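From first to last, the protein sequence lines stand for chains H, R, X and D.
Quick note, the first sequence lines up with residues 1 to 314 if you use our numbering.
Quick note, the second sequence lines up with residues 315 to 599 if you use our numbering.
Quick note, the third sequence lines up with residues 600 to 1256 if you use our numbering.
Quick note, the fourth sequence lines up with residues 1257 to 1417 if you use our numbering.
Reading through the structure tokens given below for one structure.
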Amino acid sequence: MKKLTYFPGCSAHGTSEEFDSTLKLVLKTLDVELEDIPDWNCCGATSAHVMTENLAYALPMRNLVLAEKLENTTMGIACASCYQRMKVTKVHMDENPELAKRINTTVVEEGTYQGKVDVKSMLQYAYEDIGLDIIKSKVTKPLNGLKVACYYGCLLTRPKNITKFDSPEYPVSMDQICEALGATATEFDYKTECCGASFSISNTEVVENLSGQILAMAKESGAHAIVVACPLCQSNLDMRQPDIEKKQGIKYDIPIFYFTQLMALAFGYPIDQLKFPKHIVPVEGALANIGKVEPVPEKVKKPIKAVEAESEVK
Amino acid sequence: MNYTKQIQEIAAKLFAEGKIDVFVGYRMNGFDDNQVPVLITGPQEVSRLVFTDKSVFNLVNYLKTDHTRRKRVGLVVKGCDSRSLNLMLTESQVKRENLYVVGICCEGVVDDAGRKMQNCTECMVPDAVVSDELLGTPSNIGLQPYAVNPDIAVLAEKPLPERAAYFEEVFENCIRCNACRHSCPLCYCAKCCIDQETATLYNGANTTSGAFHALMTWSLHLAGRCVDCRNCEKACPSHLPLHLLHKQNESVIYENFQEHLAGVIPGDRGAFYKYSMQDPDDFIM
Amino acid sequence: MARVGVFVCFCGANIADYVDVPQVVEEVKRIREVKFATEYKYMCSDPGQGMIRDAIVQHKLTSIVVAACSPRMHEKTFRKALSDAGMNPYLLEVANIREHSSWVHQKDKKAATSKAMDLCRMAVAKSIANEQLHEISVPVTKRALVIGGGIAGIQAALDIADARIPVVLVERSPSIGGKMAQLDETFPTLDCAQCILTPKMVDVASHPYIELIPYSEVIELQGFVGNYKVKIRKKASYVNFKTCTGCGACWQKCPVKVPNEYNMGIDKRKAIYTPFPQAVPNKPVIDAEHCTMLLKGKCGICAKVCEKGSIDYTMQDEIIEREIGAVVVATGYDMWDPAPYEEYGVGRFKDIITSLEFERMVSANGPTNGVPVRPSDGKVPKNVVFIKCVGSRDEAKGIEYCSKICCMYTTKHTILLHHKVHDSHAYVFYMDIRAAGKGYEEFVKKAQVDTGTTYLRGRVSKIYRKGDKLMVRGEDAQIGQVVEVEADLVVLATAVSAPKDNPELARMLGISYDKYGYLSEAHPKLRPVETAKAGIFLAGCTQAPKDIPETVSQASACAAKVCGLFAGDTMKKDPMVSTISNEYCSGCQNCVKVCPYGAIVTDEVPIGYGSKELRTVAKINEGVCQGCGSCVAICRSTAITLAGFTDPQIINEIVSI
Amino acid sequence: METEVKDQLVSIEKPQLIAPPNWEPVIMGILCNWCSYAGSDLTGTSRIQYPPNIRIIRVPCSSRVDPWFLIKSLQTTADGVLVSGCHPGDCHYISGNYYARRRFLVTKKLLNFVGFHEDRIQFSWVSAAEGPKFAKVVNKVTEDIKKLGPLHLYKKENFEK
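Have a look at this one:
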């Protein structure tokens, strides 16, 4: 039994409860025990770092210091935004011990920051620490026939020098996980485009535009569903989909899954445990593709590349 | 720590196999329980060899003599001694193939009064780094955080005039016998720079000022090379605290250039013979 | 006992107004060794120099001190005066009482005078320890080595050889020609690159003063200016060039196909090949990595079809040596690999190509017979997007500098595209258009009008697929909006980067290189052709990105430098160099380690007089030594002396005040 | 050994010597030919004024400066020394000033350790273009040394002029 320090973040208790609960199911199958950080606090999210540097560092640092009290070497984070704040703080503190000392004075009661605990997103944890082979071995109900577009959003792999995970522009980790589950990952060029993020509340139009493009590209790539690993991505793409459809006059009907939901499904958990009713876009249409046999695609013509060497002589 | 028996056996074997011409080791001085270095040239003398925690001298120094130059030599080295041997090898003063080195995993040696030597209490490399044969159990202490020598720390705290006065006294007591130079394994120059005309010019050889000049130059020539074996201090008839100069340089080098201790790495010539772009620059206007 | 003469200069009013010159003369006369002291209005003038000459003879002086302006100004003048009087010029010392006293202490005449006295005393003391020195003359081997057979190396080799100086031209690939041979047409005149280059290539091959060594690499350089020894590794070509006629039967029949480097891998060549039809020398070589005969011992077709029996599968690499006097380094450049631009989908999308690939496609002898095509489906593209500054001027992903040629070649590409595909449309995303050069701006202007190319000022942020098209999203900063262009083909104007193995080459040659890997010139403005190591010169892009005219200029400049160096039979050199005393040297070889020029080597000397036993000591090669004195200060046994700045000289100065 | 050091320290104390009236310090300036000496020439040609206490010695490179030039200067004629060379990376001889920099730091610290005030041994990088900087450096060094007063350490047996 592996142990993993867990920082759920606020979304896991609200909008992305299905992420949290399916994550727990999946990790149970994968033999990982989650240990919540005792008395964890807000990561600062998108607000703190536009206000003051101190606060933006101090909030995650408190969590990091508390996490060091548990014995695990890695902290897994479900929410992409929490992950980003935590990782940025960790990297900056480790690079600059002076800064760490200064920030530490604000959370001195919790203890001294030592930089012992590594910070990983749950996607990174699944990909690096668990590995595709183990994931594959646990699949009991492969998702054959389901075509998914993997959408990573802006934060999971960026900035490159902070996250040091996967490609910042065309990541493939989630694609490979989905393929391990038996699904097909489509060639999707909008993997890391902006979904509109926090404008969801303040300027819905922006979200509708940006998320709309993502949906359109996913549809064009032939996907039945989009897979995400970030609560905000999920809510923007899912919750705003009816509005987008209305605006664009196109019926997408693309459900947005957390990758853990698909994992749980493939691991054989019954559908009623996967919280699909929480989704706005109904999932049934997409899930109906599972098990369908793909018609064999026409053989792609070999590209005519160049004139062969012989002709050059003449 | 007593390797007398082993060393006698090794020396006997080396002579028997004809592998060496001379063996450099320690013998009892004959009137108290202290030891002196001895060069033996045949198996009949092997029984004179001893090695205990009284074996204080750095025998690498004897590689400078005519008795050992260009001969096949067996010798006993402790951790610090082996570092000076390493430097001698790097600086092409001895040939490795002419040596049979008996390395000791040193547990520290003691002075006349039976107290552990100061350099042994702060020793970071007790095991011989060069050897053909290693006696004792390696301590494997690995790299330790560098600790500033307590004497240096005490002096550095003192106000400048006090320090100046203290060292003036030290240099005044120097009688310019050059025993420090003779006893140092790394002072092998054909002609010492401090004997040159320009060096003694206007200062005189046997004056405080001359001693100051000589000892300063000497310590700077050993900066980054001194292995803290304290042969010089043991040899000094005026009991000058010569280690202060060396340890001061060592601490500056260690702290500012992140260099390893002298002689630990084979082929490393010491801090003055290399540089880094990142060397401290803030003391320069 | 030394007899010193001191000559104090008024420098008109420059010194005399602020320093009491007569008082200085009086004070100096009190020094025991000073046998003559005088003053004059302008010491550097002819009468002033005459006074020095006369006094040397009259007072039998053994050294001279001139108290005047900075030695950096007139040291040479006064040295000549000494020589004219039959005295060794290096017995001169200059006391700098103008820049270091009269000009900087104008408000305190007393202090300035007293300082001038001290400076004179120091100079007198130093001059007493001065020794007679003689200019070093170094014999010269009048043969030049040119490394690299691109346009830079070709031009340098031809210019040197035309001066009847033998040249050894070493080229790594089987043919000379370099990158220029891959180009279609050249800006701003649209001359065909092949048409202007190949005659020069042929000249190189036929020139009586040029020894062309293709398919070879320089592996070692020893010695010093005028006297280098170079080792060259001739790679095994498996073809006897002496008997081969270049008929081509071998490669026509060879069954092994390999991506063609000359065409950027767009088509295939054979395992035995000449890189391109106009190659010089036009002899094939066997690519040992792919030839099945060499790999598995099967095939041997080329040997069968060769009527001359020139194929030799047993050929080995060969090391050859040449003695040379100067080196021209012309190793050119590499195209920067755009892989870090992940947002463009480089490596994922086939229809994104680099500019050199485009150049090959539009080239008449290229793999597609001069028509640009999409690598994915072979269709002729209609909309082509050119992206400039890919790697250049990009601190985050690429290199900080401007590659200098991309603006121009992209303009050329838009013209070539327009010529080859009449109904095409080009879009250029650019940061700036840098067209500084003769006829360059006019060329860009004309191209914009003639081709109707859409220029969009801004960076591309993303490329994605839409069907079989590529969507290029970027900013048009002039309208402040994000724009998307539907493209059939995207051409990246990739940066010019230093050859990957330049650092290794620089270490081997003993010259320096910058953080990008470009070889460093001795002075960025006044010595842009020389390196810090005497006798080694730089031509072309190996020093920094440049276009063809600039490269050719620099190559010709190198040739002039080489010819200048070889003008006499020997070279004169300043005698301020180090020497090592054998008796004092303990052989620790620290000096060998710190010498920045590799001027110190080891030597074996007898351990004593007449002894047969040897010991190792250090020895200075005075031809290489530049006289920095690093070795002197680190030599513990003071075995090393630097002429002109010896310990006695400097100590005399220190203690003389 | 440790105890000995402490004992001796307490027992020895010597009165500080007082500067005579009109005393002017002598500063030995050792300058590399290519940058700092050229820079000091530029100070002259620009007529930038600085105190007349510095005496300049020209050496080819700061790496030619053997630490014992500094020791010798302080023991004989100088109340302070200034060594100046090319900025890091600008050395005419490629790497000389990097080697020199290491030696200077150790020498300065050692001299300070045995009783010389840190300000008596100063270093600067002055390029051939930094005429004003050279004047500034000389001003600072002169001021520092004037504050410290004459140097008497190890000068007792000085030769007679």
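We put the CB at the ideal spot given by N, CA and C, even for glycine.
Keep in mind it's a predicted model, so treat the numbers as computed, not measured.
Kindly say whether Ala-710/X, judged by its beta-carbon, lies nearer than 8 Å to any beta-carbon of chain D. yes
Going along the chain, which residues of its own chain have a beta-carbon closer than 6 Å to the beta-carbon of Ile-354/R, five neighbours each way excluded? Phe-337
What is the rounded straight-line gap between the Cα of Asp-1075/X and the Cα of Glu-187/H? 28 Å
If the cut-off is 9 Å on Cβ atoms, which residues from the stretch 1360-1377 of chain D count as contacting chain R, listed in chain order? Phe-1360, Leu-1361, Val-1362, Thr-1363, Lys-1364, Lys-1365, Leu-1366, Leu-1367, Asn-1368, Phe-1369, Val-1370, Gly-1371, Phe-1372, His-1373 and Glu-1374
Would you mind working out which of Phe-985/X, Met-1170/X and Thr-1093/X sits nearest Ala-1087/X, comparing C-alpha positions? One point to set straight first is that residue 1087/X is Asp, not Ala, in the sequence displayed. Checked all of Phe-985/X, Met-1170/X and Thr-1093/X; the closest Cα to Asp-1087/X is Phe-985/X.
For Asp-1146/X and Tyr-127/H, the rounded distance between their alpha carbons: 48 Å
Could you list which residues in chain H have their beta carbon closer than 8 Å to that of Arg-947/X, in chain order? Tyr-170
With Ala-470/R as the anchor, note down where its alpha helix (DSSP H) starts and where it stops. 464-471
Flag this pair as yes or no: are the beta carbons of Asp-1335/D and Ile-1283/D separated by less than 8 Å? yes
Using the C-alpha atoms, what's the distance from Leu-23/H back to Ala-91/H? Reading off the sequence, residue 91/H comes out as Val, not Ala. Answer to the nearest angstrom: the Cα atoms are 26 Å apart.
Taking 8 Å as the cut-off, does the stretch 437-453 of chain R touch the stretch 415-424 of chain R (at least 3 CB pairs, one atom from each stretch)? yes
DSSP on Gln-358/R, reduced to helix/strand/coil? helix
Report all residues from its chain with a CB closer than 6 Å to the CB of Phe-840/X; omit the five preceding and five following residues, and keep chain order. Lys-882
Which residue marks the beginning of the alpha helix (DSSP H) containing Ala-326/R, and which one marks its end? 318-330
Ala-1154/X versus Thr-873/X: straight-line alpha-carbon distance, rounded: 27 Å
Taking 7 Å as the limit between beta carbons, can you name the residues of its chain near Leu-25/H, skipping five residues before and five after? Ala-264, Tyr-269 and Gln-273
Find the residues of chain H that neighbour Tyr-1063/X, judging by a C-beta separation of less than 8 Å, and give them in chain order. Asp-189, Tyr-190 and Met-217
Cβ atoms of Lys-903/X and Val-961/X: under 8 Å apart, would you say? no
On the premise that Ile-37/H lies in contact with Asn-63/H, defined as a C-beta separation below 8 Å, what is that separation, rounded to the nearest angstrom? 6 Å
DSSP state of Glu-674/X, grouped into three classes? helix
Give the residues from the stretch 716-730 of chain X that approach chain D closer than 8 Å (Cβ to any Cβ), ordered along the chain. Asp-717, Leu-718 and Met-721
According to DSSP, is Leu-34/H part of a helix, a strand, or is it coil? strand
Would you kindly report the start and end of the unbroken alpha helix (DSSP H) that includes Pro-1195/X? It is not in any alpha helix (DSSP H) - Pro-1195/X carries neither H nor E in the DSSP assignment.
Strictly under 8 Å for the Cβ-Cβ distance: is Ala-1334/D near chain R by that measure? no
With H, G and I counted as helix, E and B as strand and the rest as coil, what does DSSP make of Pro-1205/X? strand
Close beta carbons around Lys-978/X, own chain, < 8 Å, minus the five adjacent residues each side: Val-972 and Asp-1087
Take Phe-786/X as the anchor and find which of Pro-1144/X, Gly-1228/X, Ile-1014/X and Pro-813/X has the nearest alpha-carbon. Ile-1014/X
If I measure Cβ to Cβ from Lys-1411/D and keep anything under 8 Å in the same chain, skipping five residues before and after, which residues do I get? Gln-1331 and Thr-1332
Determine whether the Cβ of Lys-1403/D lies closer than 8 Å to any Cβ atom of chain R. no
Scan the stretch 9-90 of chain H and note each continuous alpha helix (DSSP H) run of 4 residues or more that stays entirely inside, going in chain order. 17-29, 45-51 and 53-69
May I ask which residues mark the beginning and end of the alpha helix (DSSP H) holding Phe-635/X? Looking at the DSSP string, Phe-635/X is not in any alpha helix (DSSP H); the run it does join, the beta strand (DSSP E), is 633-639.
From this set, Glu-1103/X, Ser-909/X, Leu-1118/X and Lys-778/X, which residue's C-alpha is nearest Cys-843/X's C-alpha? Ser-909/X
Cβ-based burial, Glu-922/X [other Cβ within 10 Å; buried from 16]: exposed
Sequence-distant residues of its chain with Cβ nearer than 6 Å to Asp-783/X (five each side left out): Glu-958, Val-961 and Ser-962
Just grab the DSSP bridge partners of Trp-1279/D for me. None, per the DSSP bridge assignment.
Start and end of the beta strand (DSSP E) containing His-1180/X? In the sequence under discussion, the amino acid at residue 1180/X is Ser, which differs from the His named in the question. Looking at the DSSP string, Ser-1180/X is not in any beta strand (DSSP E), and its letter there is neither H nor E.
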